[in-house]
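This report refers to the structure that appears directly beneath it.
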Amino acid sequence: MVNRNSLNSTTGNELPARVVVAMSGGVDSSVAAALLVSQGYEVIGMMLRLWSEPGGESSNRCCTPDAMALARRVAARLDIPFYAIDAQEIFNQTVVQFFLNGYAQGITPNPCLVCNRQIRWDFLLKRALALGAQFLATGHYVRLHRDGNGKLQILRALDQSKDQSYILHVLGQEQLAHALFPLGEFTKPQVRQLAREFDLPMAERSESQDLCFLGNGDTRGFLERNIPQVKNPGPILNRKGEILGEHKGLAFYTIGQRKGLGITAPLPLYVLEKDLLQNSLIIGTQEELGWNELLAAGVNWISGEPPAGPFRAQVKIRYKSLEAPAIVTPLDQGQVYVKFDYPLRDITPGQAAVFYAGEFCLGGGIIKNNQPQ
Amino acid sequence: MSRQSVRDMNRSHKIYLDYAATTPVDPRVIDAMLPYFGQVFGNPSSVHRLGQQSEAALETARETVAQLLNCQPNEIVFTSCGTESDNLALRGVALAARRDRGAQHILISPVEHHAVSNTAAQLAELHGFEVEMLPVDANGMVHPNEVAGRLRPNTAVVSVIYANNEIGTINPLAEIGEICAEHGVPFHTDAVQAAAYLEVDGEKQHVNLMSIGAHKFYGPKGVGALFIRQGTAILPIQTGGGQEFGLRAGTHNIPYIVGLAEAFRLAQQERVTRIERLQPLRDHLIGQVLEEIPHSRLTGHPTLRLPNHASFVFAGIDGNALLMMLDVEGFACSSGSACKTGDPEPSEVLTALGLSRAWALGSLRITLGEGTTADHVEELLRVLPRLVANLRKIH
Chain R
1 MVNRNSLNST
11 TGNELPARVV
21 VAMSGGVDSS
31 VAAALLVSQG
41 YEVIGMMLRL
51 WSEPGGESSN
61 RCCTPDAMAL
71 ARRVAARLDI
81 PFYAIDAQEI
91 FNQTVVQFFL
101 NGYAQGITPN
111 PCLVCNRQIR
121 WDFLLKRALA
131 LGAQFLATGH
141 YVRLHRDGNG
151 KLQILRALDQ
161 SKDQSYILHV
171 LGQEQLAHAL
181 FPLGEFTKPQ
191 VRQLAREFDL
201 PMAERSESQD
211 LCFLGNGDTR
221 GFLERNIPQV
231 KNPGPILNRK
241 GEILGEHKGL
251 AFYTIGQRKG
261 LGITAPLPLY
271 VLEKDLLQNS
281 LIIGTQEELG
291 WNELLAAGVN
301 WISGEPPAGP
311 FRAQVKIRYK
321 SLEAPAIVTP
331 LDQGQVYVKF
341 DYPLRDITPG
351 QAAVFYAGEF
361 CLGGGIIKNN
371 QPQ
Chain G
1 MSRQSVRDMN
11 RSHKIYLDYA
21 ATTPVDPRVI
31 DAMLPYFGQV
41 FGNPSSVHRL
51 GQQSEAALET
61 ARETVAQLLN
71 CQPNEIVFTS
81 CGTESDNLAL
91 RGVALAARRD
101 RGAQHILISP
111 VEHHAVSNTA
121 AQLAELHGFE
131 VEMLPVDANG
141 MVHPNEVAGR
151 LRPNTAVVSV
161 IYANNEIGTI
171 NPLAEIGEIC
181 AEHGVPFHTD
191 AVQAAAYLEV
201 DGEKQHVNLM
211 SIGAHKFYGP
221 KGVGALFIRQ
231 GTAILPIQTG
241 GGQEFGLRAG
251 THNIPYIVGL
261 AEAFRLAQQE
271 RVTRIERLQP
281 LRDHLIGQVL
291 EEIPHSRLTG
301 HPTLRLPNHA
311 SFVFAGIDGN
321 ALLMMLDVEG
331 FACSSGSACK
341 TGDPEPSEVL
351 TALGLSRAWA
361 LGSLRITLGE
371 GTTADHVEEL
381 LRVLPRLVAN
391 LRKIH
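In order, the protein sequences belong to chains R and G.
Position 96 of the first sequence, counting from 1, maps to 96 under this note's numbering, and the rest follow consecutively.
Position 35 of the second sequence, counting from 1, maps to 35 under this note's numbering, and the rest follow consecutively.
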C-alpha cells in the first residue's frame, strides 16, 4: 500500500499534511475523517451542497439538513473545521443533466460515475487544493498502491462486499496523487466498530442506496417530471416480432428486467433489448437472454495508458454484479471490445464495464452496445 | 475592555474580525454579573429582602440604560435580545395602531435586519398590513424626503435601521424621526449595531422606539432592551405576569440585565477612545484592500458608516469559499451571503444596493473590535489578495 504516513510528519519539524475529507454525515466518511485525525493529519471536513429537485428542497440525501447537522457534530467531536460548499449548479449541469439525457436516449446511465469524476474529484479537489490541502479523502472502500514505476493503482477493498473500485475507475494519476482512501483496509463491520470506538453519533444508522438526488428513490416520477417525452408508449415484441403488449416508455425498463412487464405467460419473460428506432421493447425467455460481447467507449485507463493489445481480465458490468472472465481488446478512439467467456444476462448500455486483473482495477468505459456491429 | 482576554482567544491561531456578529464578554461585565447568579438570586417580584435586592439591581440597571439613552427609566423595557426588541416594537406598535386607529400601513427600508423585515412580513401575511419599502441609494442609505412622501394617515409604524449590520451605512435618524414626529407616526429604529459606537439619544434622534442588544458591545448574549417613548401606544407580544410595565412578561434575568447595563455604560463611556483607535485601522484596511485587489468595491457609505466596519464585494468569487479559506488561514470574518449550509444567495441588503448577482455573491465583511491590533490588519492584508486571486483561478 502507499505509505502516506511518511508525508504525514508529526515527528519532524514539518507541519502535518493537510487533508480535506468529503463528509456526508454517514458512517463511512465520518470514520474516514476520524482515522485521518488519529493518524495526525490536519483534517478539514467539507460537505457538498448538491442539487435537489425544486419543491423537494433539501431532499438530496447527501446533504439534507439532518445529514449536515450530523456531519457538523462529527466535525465538532473530532475538533476539525467543517465547511459546506455550494455545488448545486454544477451538479445539476453535469450529473443530473447526464442522467436525464441518458434516459432520454434510452440508456440506463450511472450518474455516480459522473459525480465522482466531475464533482468530487474535480470541483471539490480543486477547492481542497486551493485551500492548501495536499490530499482529498473520501470514505470509499478501495485501496491505493504505488507500483515499481511510481504509478498509482487502485485495488479492490479488502471487504469485497463493499468494494467501490467500480465507481472510482474514472480516476487518473493526477487525481490519485492527491487521493486518500482510509477505509480500504477495513470491513464494514470494522468501520461500524470504529465509529463506536470514536464515539461518532451515527454508528448505528442505516444507509440508503438510492441515488442522492431522487428524494424518495422514485426514478420513474423524476423522469416523468423532467423529461415528459419519456412517456412514450410502444409495442412489446418477442423475437419473432409478435406484439405481446404495450410498454409505457423505453426509459422505464432495463435489460434483464422481469417484473413489471404486465404480461402473463407460461414462462418468465425478460427484457432482452430496447429498439430505440422502432420504440419497441423486445422480450423473451431466460434462454434468449444474454450476450457475450460488448463495446465500451470513453474508456479511462487508471495508469494513463491503454494496454498494448488484447488481454484477459475480469469484467464487471454493474456496480453490484459479479465480475466475469473476458478478453478485452483496446480499439481506437478510447473504445474497447469485450468478449466474455460466457453470456451475461444484463449487459446494459449506459452502465460501466470495469476491468480487473486480480485485485487491481485497470479502468473502464461506458457500455455503448451489447451487440457490436 | 481589557485587550488581554481577546488576545488569549486569538492565540489559538485565530484572528477574530467578526465583531459585528458578536463580541466576547468584557471581564468587567462578567464581574458585575457574577453576584447575581448564586448570591443575589431572588426574584425581583418577590416581597422578601432577597427579592428586594434583585429588584434594586434591576432598577439600577434600568436607570443606567435610561441615562445613556437620555430618557426616563420607565421608558426602558428589558428583553431577551435585539431581535425580541424589534419584534416587540414592530408587532406591539402595529397591533396597537390597528386597534386604536385602524392603521394598516407599515413603512420600512430594504436594508433592515431580518428581525424587522420578517416581522413586518408576518404582520402583512397574518394581519393584512401593507408593507411598503423605502428606496435606498447605492450606499444603502434612506433619504428623509423619501419618508415624507410616503407617510399616510393610516401608517402604523416606520422602521429604519440606525446602522446596517452588513454594509455599515448610518442612516440620518434625526431627520427621519423629525418627519415622523410631525406626522404623528411612531418611528422605530434597530440600533443593535449602532449602540456599540454611535450616539444613541432617544430625544435628539426623535425616535419613539429603539432596540439594542448587549452582545454587540461586549455584553452577554441573551439580553436586550427596547426604549419606548412615553405615550407610544404599544401592546405586549409576550403575555403573562406584569413585569416590565406589563409589556414583557417573564421573570427578569437579573445577571444578564446587569451585564447589559454595565457593558452599555462602558461602551458609551469609552466610545471615543475605541473609535479613535479602530477607525484609522479600518480606514487603512479599506484603502489597502481596494488598492491591492482588482475588481473590488466597498459596499455601504464610504464615510457615514460604523467606525469599525469594512465591507467589500469582489467580482466573480464565491464569498462563502473566501470565508472558508480565510478561516483555514486563521481569520474569522463574515459575508453578506454567509450561509453555513452552502446555499449562497445574495443578501437582500446587497441586492437593494443594485449589485448584480456576480458581485453580490462575492461579499466579505470585516469588523474590528477591542481585540484587534494593527498587526491583525496587516496579517489579513498579507493574505487576502492572494486568497481572492486563488479563488478567481478555480473558476
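Just so it is clear, CB atoms sit at the ideal spot from N, CA and C, and this is done for glycine as well.
Tell me residue i's beta-bridge partners as DSSP assigns them.
i: residue 313 of chain R; result: R:326
i: residue 291 of chain R; result: R:344
i: residue 296 of chain R; result: R:336, R:367
i: residue 353 of chain R; result: R:365
i: residue 153 of chain R; result: R:145
i: residue 344 of chain G; result: DSSP, once it has assigned bridges, lists no residue as partnering residue 344 of chain G.
i: residue 57 of chain G; result: Partner(s): none; residue 57 of chain G has no beta bridge.
i: residue 246 of chain R; result: R:235
i: residue 16 of chain G; result: G:332
i: residue 132 of chain G; result: G:107
i: residue 138 of chain R; result: For residue 138 of chain R, which the question treats as bridged, DSSP gives no partner whatsoever.
i: residue 166 of chain R; result: Per DSSP, none; premise fails for residue 166 of chain R.
i: residue 301 of chain R; result: R:363
i: residue 185 of chain G; result: Looking at the DSSP assignment, residue 185 of chain G forms no beta bridge with any residue, so it has no partner.
Could you round the C-beta distance between residue i and residue j to whole angstroms and report it? I think they count as a contact, below 8 Å.
i: residue 193 of chain G; j: residue 163 of chain G; result: 5 Å
i: residue 223 of chain R; j: residue 319 of chain R; result: That pair is no contact at about 20 Å.
i: residue 349 of chain G; j: residue 111 of chain G; result: 5 Å
i: residue 371 of chain G; j: residue 29 of chain G; result: Incorrect: roughly 15 Å between the Cβ atoms, too far for contact.
i: residue 364 of chain G; j: residue 319 of chain G; result: 6 Å
i: residue 220 of chain G; j: residue 256 of chain G; result: 5 Å
i: residue 366 of chain G; j: residue 333 of chain G; result: 5 Å
i: residue 252 of chain R; j: residue 220 of chain R; result: 6 Å
i: residue 354 of chain R; j: residue 178 of chain R; result: The Cβ separation is near 22 Å, so there is no contact.
i: residue 236 of chain R; j: residue 267 of chain R; result: The Cβ separation is near 15 Å, so there is no contact.
i: residue 95 of chain R; j: residue 115 of chain R; result: 5 Å
i: residue 188 of chain R; j: residue 159 of chain R; result: 6 Å
i: residue 93 of chain G; j: residue 183 of chain G; result: In fact, because the Cβ distance is near 15 Å, the residues do not count as touching under 8 Å.
Could you check if residue i is buried or exposed, using at least 16 other CB atoms within 10 Å of its CB as the buried criterion?
i: residue 163 of chain R; result: buried
i: residue 19 of chain G; result: buried
i: residue 150 of chain R; result: exposed
i: residue 47 of chain G; result: exposed
i: residue 7 of chain G; result: Because the pLDDT of residue 7 of chain G is 42, which lies under 50, any placement of that residue in the model is unreliable, and the number read from its coordinates should be weighed accordingly. Residue 7 of chain G should be labelled exposed.
i: residue 11 of chain G; result: Confidence in residue 11 of chain G is poor, its pLDDT being 40 and thus under 50, which makes the residue's placement too unreliable to answer from.
i: residue 95 of chain G; result: buried
i: residue 114 of chain G; result: exposed
i: residue 236 of chain G; result: buried
i: residue 59 of chain G; result: exposed
i: residue 263 of chain R; result: exposed
i: residue 342 of chain R; result: exposed
i: residue 107 of chain R; result: buried
i: residue 10 of chain R; result: With a pLDDT of only 43 at residue 10 of chain R, under the threshold of 50, the placement of this residue in the model should not be trusted, and no figure is reported.
i: residue 99 of chain R; result: buried
i: residue 239 of chain G; result: exposed
i: residue 309 of chain G; result: buried
i: residue 38 of chain G; result: exposed
i: residue 53 of chain G; result: buried
i: residue 295 of chain G; result: exposed
i: residue 303 of chain G; result: exposed
i: residue 344 of chain G; result: buried
i: residue 69 of chain R; result: exposed
Assess contact between the segment 65-79 of chain G and the segment 247-258 of chain G, defined as three or more Cβ pairs (one per stretch) separated by less than 8 Å. Is contact present? yes
What residues in the segment 299-331 of chain G have a beta carbon less than 9 Å from any beta carbon of chain R? 318, 320, 321, 323, 324, 325, 327, 328, 329
Near-chain G residues of the segment 118-142 of chain R (beta-carbon distance less than 8 Å), N- to C-terminal order: 126, 127, 130, 131, 132
Under 9 Å (Cβ pairs) to chain G, residues found in the segment 280-312 of chain R: none
The segment 360-368 of chain R / the segment 345-364 of chain G touching (three or more Cβ pairs under 8 Å): no
Return the residues of the segment 75-86 of chain R that lie within a Cβ-Cβ distance of less than 7 Å from chain G, sorted by chain order. 81, 83, 84, 85, 86
Does the pairing of the segment 325-335 of chain R with the segment 293-308 of chain R give three or more beta-carbon distances under 8 Å? yes
Cβ-based contacts, 9 Å cut-off: residues of the segment 370-393 of chain G near chain R: 387, 390, 391, 393
Does the structure place the segment 95-110 of chain G close enough to the segment 149-161 of chain G that three or more beta carbon pairs sit under 8 Å? yes
Do the segment 283-291 of chain G and the segment 80-93 of chain G make contact, defined as three or more Cβ pairs closer than 8 Å? no
Does the segment 162-179 of chain G come close enough to the segment 60-72 of chain G that 3 or more CB-CB pairs lie under 8 Å? no
Taking only beta carbons into account, state which residues of the segment 85-102 of chain R come closer than 9 Å to chain G, listed in chain order. 85, 86, 87, 88
Indicate whether the contact test is met: 3 or more Cβ pairs, each with one atom in the segment 121-133 of chain R and one in the segment 319-330 of chain G, closer than 8 Å. yes
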